[in-house]
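A.B. asks:
Residue numbers (my numbering), protein chains in the order written: chain A, 1 to 299; chain B, 1001 to 1453.
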């Protein structure tokens, strides 16, 4: 088994994890909220796109574009109704309230859509399983490549937004110190609401890639959360490029693990996650501080 | 009358709230007031019901029914409300046992796909509702905890739809020793049924007899690896097993590479549905599916929605069914034939029939047959004794506990089936056809097995 055959699926898988995780990472970076409803919201988005595809024959890629403004509005509403209020209660309350939100979404989806397993793959012809054959008997899934490129574009776009626009500066200021930002005339409340809206648009993309790649049902959300969460933590909470790096590290570790032993897939991923988590406590903390200074704090 | 006491009625829920002990130190005055007020309202509403229930207890048979209606296993329980409504209709005028007429109340509960919730529900049905018999269905996560609770409390329990080996040995019975169970009984398919059907079904198409197997590292997967794979090997198939994988794996390149290298023309797997969708799409990406002549899937692909979710890759997947609407048997409880049961569901729900309809009906058939055979339906020991030798005709065929492979167990068949593209003009995307009947010759074969690719 050549290394190419292990690395390519691993790296592409990393792009998928990064796309799943980008909304989670962004929200944490800006507001320090660990959104446990992330997976359930992604499944909610998947259902919305599925309805458009199944009942109105709208291609899922167009469906997601239609959905984006609605997800943005949902993000705004969630911020006003849940994130903002729960943040006032300390670090634990947002976790509890988003956990409650996840259960609410799961069960509402079940009430509306029943238990049936769904997927968006049937609505994109054979894209979900088409592949390019590279020399050396290496197959690359077209969907995986699209997802990876999307992850790159999304994270790159967000980076540009944060680094070079007025809105980005406001978000960064509010993220670092909302009181100080208020003092210099930034409406932190509004900025946070915009950030929530952006995070929920990212969730829509996560939902699309999830639903194209595998199947979903009303209770599929929490399962999706774990890899996203691991990617965020490996890459450094709140850092966007870190999330991509975290996803790729996780994907490659799983890919290598699976080639050592079929059960190694999940174990290798969790192991890398734990090693990095522990290492960060002792070693990487100092390193990260240094890096952040160099980068000029792109979060 | 049974409607008044249906399990989901609010008074019972509120009664539950009012009896929950409050251990918080500082719950707030107003909230406590609210809870006790709600409880009081609940109690006043509930009292007439329970007084009535006590007076009528002697003439009313209570049957607990636990299945997964929400949560990860919800697709199993989706059709249960329909089957229960048919059963209630059939029992509206009561049940005659030993010359005595009883009113029947079926109390159905949702395990929420959670084993500890299932155990808790079983205990409350036993202790608070004082059920005369328990029925439990679908997957070890529901059936085992309910069976254990009934065994401990001395309540007769009948269950179905999980491999009997996992029910019998999984709950501590020892091979060769007499059955340790007194109160719990189970009828379902086992590894032997799968082996018989697979060996027969795989002979229908010319292949190189090399079988790539993808079995997960869970209770089902390990039982299948240990027990089914050797039987298949003995029948002349070469088993290519890359080893157990963990449920939730998102990349299967390693396994697919192995199946391709070994040129496995038969593929067999027991995964959860999302894992199979991920695997099968990757297998298609890597060009493995074009090599496969028979793709035999189990545990996933039981219900139309899981196959529809695969799109074009779902056509011609082979499967094994624990019930099919073409079964020639009738429900002894409702008198319905397989076709009638399937049609009644399609009309009522507006969805395609599923094999779970027949399985749930068969459990109700067997349970009420045991009550009738007991001679005294209020005597739990008599009901359990009737179950131990029960021979009943059900929706899935004749269930015979006297013959069972081990004590307390009867087997039910698995028949070979295939998901094929529906004929033009059909309401549904897939047809589910019977391709092999080695495990029950009475079931008519309706189609020839088509190679996957």
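Backbone N, C-alpha and C fix where the C-beta goes; we use that ideal spot for every residue, glycine too.
Using the Cα positions of residue 1399 of chain B and residue 1059 of chain B, report the straight-line distance between them to the nearest angstrom.
C.D. replies: 28 angstroms
A.B. asks: Is residue 1281 of chain B close to chain A? Criterion is C-beta to C-beta, closer than 8 angstroms.
C.D. replies: yes
A.B. asks: Cα separation between residue 1349 of chain B and residue 1342 of chain B?
C.D. replies: 11 angstroms
A.B. asks: What in chain B is Cβ-close to residue 219 of chain A, meaning under 7 angstroms?
C.D. replies: 1071 and 1072
A.B. asks: For residue 8 of chain A and residue 140 of chain A, which I take to be in contact (beta-carbon distance under 8 angstroms), what is that distance rounded to the nearest angstrom?
C.D. replies: With a Cβ gap of about 6 angstroms, residue 8 of chain A and residue 140 of chain A count as contacting.
A.B. asks: Which class does residue 1143 of chain B belong to by DSSP, given the choice of helix, strand or coil?
C.D. replies: helix
A.B. asks: Determine which residues share a DSSP beta bridge with residue 125 of chain A and list them.
C.D. replies: DSSP, once it has assigned bridges, lists no residue as partnering residue 125 of chain A.
A.B. asks: Which residue comes first and which comes last in the alpha helix (DSSP H) that contains residue 14 of chain A?
C.D. replies: 3-31
A.B. asks: In chain order, what residues of the same chain have a beta carbon less than 7 angstroms from the beta carbon of residue 1330 of chain B, not counting five sequence neighbours either side?
C.D. replies: 1336 and 1337
A.B. asks: If you follow the alpha helix (DSSP H) that residue 1191 of chain B is in, where does it begin and where does it stop?
C.D. replies: Run containing residue 1191 of chain B: 1191-1202, per the alpha helix (DSSP H) assignment.
A.B. asks: May I ask you to report which of helix, strand or coil DSSP gives residue 1245 of chain B?
C.D. replies: strand
A.B. asks: I'd like to know whether the C-beta atoms of residue 1241 of chain B and residue 1229 of chain B end up nearer to each other than 8 angstroms.
C.D. replies: Closer than 8 angstroms, so yes.
A.B. asks: Quick check on the burial criterion: 16 or more other C-beta atoms within 10 angstroms. Buried or exposed for residue 1027 of chain B?
C.D. replies: At residue 1027 of chain B, the pLDDT of 43 sits below 50, so the modelled position is not reliable; the number obtained from the coordinates is stated separately. Exposed.
A.B. asks: Rounded to whole angstroms, what's the CA-CA distance from residue 1454 of chain B to residue 1377 of chain B? Just pull it up for me.
C.D. replies: Because residue 1454 of chain B is not part of the residues shown, which for chain B are 1001 to 1453, the question remains open.
A.B. asks: Quick one: which chain A residues come within Cβ less than 9 angstroms of residue 1308 of chain B?
C.D. replies: 116, 117, 118, 119 and 122
A.B. asks: Name the chain B residues whose beta carbon is nearer than 7 angstroms to that of residue 259 of chain A?
C.D. replies: 1254
A.B. asks: Would you list, in sequence order, the uninterrupted alpha helix (DSSP H) runs of no fewer than 4 residues that lie entirely inside the region 1065-1105 of chain B?
C.D. replies: 1074-1077 and 1080-1090
A.B. asks: Since residue 1245 of chain B meets chain A, which of its residues come closer than 7 angstroms, beta carbon to beta carbon?
C.D. replies: 262, 263 and 265
A.B. asks: According to DSSP, simplified to helix, strand and coil, what is residue 1432 of chain B?
C.D. replies: Residue 1432 of chain B: strand per DSSP, three-state reduction.
A.B. asks: Counting Cβ pairs closer than 8 angstroms, one from the region 1163-1178 of chain B and one from the region 1199-1211 of chain B, do we hit at least three?
C.D. replies: no
A.B. asks: Taking CB distances under 8 angstroms as the criterion, tell me whether residue 1442 of chain B reaches chain A.
C.D. replies: no
A.B. asks: Between the region 193-206 of chain A and the region 67-80 of chain A, are three or more C-beta pairs nearer than 8 angstroms?
C.D. replies: yes
A.B. asks: Residue 1075 of chain B touches chain A at which residues, Cβ-Cβ below 9 angstroms?
C.D. replies: 114, 115, 116, 117 and 217
A.B. asks: Please confirm if residue 110 of chain A has its CB atom under 8 angstroms from at least one CB of chain B.
C.D. replies: yes
A.B. asks: Rounded to a whole number of angstroms, what is the C-alpha to C-alpha distance between residue 216 of chain A and residue 1102 of chain B?
C.D. replies: 45 angstroms
A.B. asks: Does the beta carbon of residue 205 of chain A sit closer than 8 angstroms to a beta carbon anywhere in chain B?
C.D. replies: no
A.B. asks: Roughly how many angstroms separate the alpha carbons of residue 999 of chain B and residue 58 of chain A, rounded to a whole number?
C.D. replies: Any answer about residue 999 of chain B is impossible in this case: the structure gives chain B only from 1001 up to 1453.
A.B. asks: Give a yes or no on whether the minimum CB-CB distance between residue 92 of chain A and chain B is below 8 angstroms.
C.D. replies: no
A.B. asks: Could you name the residues of the region 1306-1340 of chain B whose beta carbon sits closer than 8 angstroms to any beta carbon of chain A, in the order they occur along the chain?
C.D. replies: Those would be 1306, 1308, 1309, 1310, 1311, 1312 and 1313, in chain order.
A.B. asks: Hey, quick one: how far does the alpha helix (DSSP H) through residue 302 of chain A stretch, first residue to last?
C.D. replies: Any answer about residue 302 of chain A is impossible in this case: the structure gives chain A only from 1 up to 299.
A.B. asks: Decide yes or no for the touch test of the region 1147-1167 of chain B against the region 1178-1194 of chain B: beta carbon pairs closer than 8 angstroms, at least 3 of them.
C.D. replies: yes
A.B. asks: Would you say residue 246 of chain A faces chain B, with C-beta separation under 8 angstroms as the test?
C.D. replies: no
A.B. asks: So that I know if they touch, is there some Cβ in chain A lying closer than 8 angstroms to that of residue 1418 of chain B?
C.D. replies: no
A.B. asks: Using a Cβ-Cβ distance under 8 angstroms, would residue 200 of chain A count as near chain B?
C.D. replies: no
A.B. asks: Whole angstroms are fine: how far does the CA of residue 151 of chain A sit from the CA of residue 157 of chain A?
C.D. replies: 10 angstroms
A.B. asks: Which same chain residues end up closer than 6 angstroms to residue 1069 of chain B when comparing Cβ atoms and leaving out the 5 residues on each side of it in sequence?
C.D. replies: 1077 and 1110
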